[in-house]
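Chemist: So that you can map any letter, position 148 of the sequence shown is 147 in numbering that gives the first Met the number 0, and since no number is skipped, the others follow by simple counting. What follows is a single structure, and I will ask about it in a moment.
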Amino acid sequence: MQPPTLRRLAAAALLGLGGGLVVAFVVARGSAGGADALAYWGGTRTWLAGLDPYHPPGLFLAWVYAPWLLPAIVPWALLPWPVAWFAWRAAMALLLGWSVTWAYRRRPLATALVFVALAGPLAATFDTGNVTLFLALAVWAAQWTGPRLGGALWALASAVKWFPAILWVFLPPRARLWGLAAAAVVLLLTLATWPFLLTQLELAMTLAPSAFPRPLRIDHLVLLWAAVPWLWRRSWPGAGLDLAGLPACATAAVQASDRRLADRLRAFLGLG
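Written out as structure tokens, the structure is:
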């Protein structure tokens with residue numbers, strides 16, 4: 000067994016630093032966290048009670064997503080809030096840990112640097128319980144599953160929030176094609192619930208600041224984590240942190256640009 004290299008030792012130290020920052024922030028926030036997860040939990044329970052989840056009673060934040068997404072989290076929302084909140088955070092931690100393990104085994108130092116860079120957004124996400132991390136991990140998983148499931152995962156993530164839509168380019172070619180088909184189904188569901196879409200937009204534009212304390216909304220940056228599998232599985236000239244290979248990348252891109260547009264589009268969508 001070879002001793003760990005300096006690069007791996009540095010990577011392990013950086014991972015520990017990033018994880019420590021996230022844990023310290025979450026512990027410091029204490030019981031003040033969970034505002035977004037509580038909105039999902041409360042909105043679903045409000046809907047189950049026959050009331051309007053977009054205008055909930057009491058202190059709950061309004062549900063601001065498509066109505067047809069509510070049944071998907073009913074089993075979780077039926078749990079008591081302390082149990083539901085623990086399960087929500089535990090699921091985020093386990094899935095994130097799995098993805099970090101995969102990335103670290105391939106590019107330790109690069110993974111550690113990205114993780115530290117995203118420590119702030121991750122801390123905010125673990126504090127509020129926002130669904131953004133689950134969406135990023137859904138697009139991550141979409142790069143490993145079959146094309147149909149992969150496209151469906153991307154479309155579902157984009158239906159919850161529009162930001163994951165830009166991650167379409169990181170899907171495998173056939174998954175991109177199935178993703179467009181799944182997006183068409185999502186569009187039909189959206190049109191079928193058009194009045195609720197207008198309510199969503201109104202809430203997004205006019206929702207007053209929450210009574211629940213919450214950190215600066217930087218949590219959407221965790222979506223960048225979904226690009227890691229696509230980047231890590233490629234052999235870049237000057238791989239690692241060496242930037243000397245960038246000119247070779249640019250040269251290769253220019254040489255490949257003479258392919259016909261139709262051929263490139265078919266390859267991009269996995270059609271040939």
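Heads up, the beta-carbon is just placed ideally off N, CA and C, and yes, glycines get one too.
#1: Does the segment 46–55 come close enough to the segment 14–21 that 3 or more CB-CB pairs lie under 8 Å?
#2: Candidates LEU197, TRP143, THR127: which alpha carbon is nearest VAL63's?
#3: With a cut-off of 8 Å, do at least 3 Cβ pairs link the segment 33–53 to the segment 69–86?
#4: Below 7 Å between beta carbons: does that hold for PHE162 and LEU94?
#5: Could you give the C-beta distance for PHE114 and LEU8, rounded to a whole number, given that I count them as a contact under 8 Å?
#6: So, are the CB atoms of ALA111 and ALA10 less than 7 Å apart?
#7: Just the C-alpha distance for TRP143 and MET91, rounded to the nearest angstrom, thanks.
#8: Let me make sure I understand the geometry here. Which of TRP167, TRP101, ARG105, TRP97 has the alpha-carbon closest to that of SER234?
#9: Look at the Cβ atom of ASP218, then the Cβ atom of ALA141, and state whether they are nearer than 7 Å.
#10: Using 8 Å for Cβ pairs, my map puts VAL138 next to LEU179. What's the rounded Cβ distance?
#11: Between ALA191 and ALA183, what straight-line distance do the alpha-carbon atoms span, to the nearest angstrom?
#12: Do ALA102 and TRP231 have their CB atoms nearer than 7 Å?
#13: What are the boundary residues of the alpha helix (DSSP H) that includes VAL26?
#14: Within 10 angstroms of the Cβ of TRP97, are there 16 or more other Cβ atoms? Answer buried if so, exposed if not.
#15: With distances taken between CB atoms, is the gap from ALA226 to PHE133 smaller than 7 Å?
#16: Should THR4 be labelled buried (16 or more other beta-carbon atoms within 10 Å of its own) or exposed?
#17: Does DSSP put THR144 in a helix, a strand or coil?
#18: Name the residue from GLY32, LEU77, ALA27 whose alpha carbon lies nearest to the alpha carbon of ALA48.
#19: Between ARG6 and the rest of its own chain, which residues show a CB-CB distance below 6 Å, the 5 nearest in sequence each way excluded?
#20: Threshold first: 3 residues or longer. Then list the beta strand (DSSP E) segments lying entirely within the segment 25–101, N to C.
#21: Please state the DSSP three-state secondary structure of SER157.
#22: What's the gap between the Cα of PHE24 and the Cα of VAL159?
#23: Just the Cα atoms here: how many angstroms apart are ALA65 and GLY145?
Modeler: According to the structure data:
#1: no
#2: If you number the sequence shown from 1, residue 63 lands on position 64. Nearest option by C-alpha distance: LEU197.
#3: yes
#4: Here residue 162 refers to the residue found at position 163 of the sequence shown. Here residue 94 refers to the residue found at position 95 of the sequence shown. Not in contact: PHE162 and LEU94 (Cβ atoms no closer than 7 Å).
#5: For the purposes of this step, residue 114 is taken as residue 115 along the sequence shown, with counting starting at 1. For the purposes of this step, residue 8 is taken as residue 9 along the sequence shown, with counting starting at 1. That belief does not hold up - the Cβ atoms of PHE114 and LEU8 are roughly 16 Å apart, past 8 Å.
#6: Taking the sequence shown and counting its residues from 1, one reaches residue 111 at position 112. Taking the sequence shown and counting its residues from 1, one reaches residue 10 at position 11. Yes.
#7: Stepping through the sequence shown from its first residue, residue 143 is reached at position 144. Stepping through the sequence shown from its first residue, residue 91 is reached at position 92. When rounded, the distance between both Cα atoms is 19 Å.
#8: Taking the first residue of the sequence shown as position 1, residue 234 is located at position 235. Ranking the options by Cα distance to SER234, first place goes to ARG105.
#9: Position 219 of the sequence shown, counted from the first residue, corresponds to residue 218. Position 142 of the sequence shown, counted from the first residue, corresponds to residue 141. No, the pair does not count as a contact, with Cβ atoms beyond the cut-off.
#10: Mapped onto the sequence shown, residue 138 falls at position 139. Mapped onto the sequence shown, residue 179 falls at position 180. With 8 Å as the limit, VAL138 and LEU179 do not qualify as a contact, their Cβ atoms being about 15 Å apart.
#11: Taking the first residue of the sequence shown as 1, we reach residue 191 at position 192. Taking the first residue of the sequence shown as 1, we reach residue 183 at position 184. The straight-line gap from Cα to Cα measures roughly 12 Å.
#12: Position 103 of the sequence shown, counted from the first residue, corresponds to residue 102. Position 232 of the sequence shown, counted from the first residue, corresponds to residue 231. Yes, Cβ-Cβ distance for ALA102 and TRP231 is below 7 Å.
#13: For the purposes of this step, residue 26 is taken as residue 27 along the sequence shown, with counting starting at 1. Its alpha helix (DSSP H) spans residues 5–28.
#14: Within the sequence shown, residue 97 is the residue found at index 98, counting from 1. Answer is exposed; the Cβ neighbour count stays below 16.
#15: Locating residue 226 in the sequence shown gives position 227, where the first residue counts as 1. Locating residue 133 in the sequence shown gives position 134, where the first residue counts as 1. No; because the gap between Cβ atoms is not below 7 Å, this pair is not in contact.
#16: Against the sequence shown, residue 4 aligns to sequence position 5. Under this definition THR4 is an exposed residue.
#17: What you label residue 144 is simply residue 145 of the sequence shown in a count that begins at 1. Residue state, collapsed to three classes: coil.
#18: The count along the sequence shown starts at 1 and reaches residue 48 at position 49. The option with the nearest alpha carbon to ALA48 is LEU77.
#19: Here residue 6 corresponds to residue number 7 of the sequence shown, with the count starting at 1. So the qualifying residues of the chain are LEU108.
#20: none
#21: Counting from 1 along the sequence shown, the entry for residue 157 is found at position 158. DSSP places SER157 in helix when its eight states are reduced to three.
#22: As a position in the sequence shown, residue 24 is number 25, starting the count at 1. As a position in the sequence shown, residue 159 is number 160, starting the count at 1. Distance between the alpha carbons of PHE24 and VAL159: 26 Å.
#23: By 1-based counting over the sequence shown, the position of residue 65 is 66. By 1-based counting over the sequence shown, the position of residue 145 is 146. Computed Cα separation, rounded: 26 Å.
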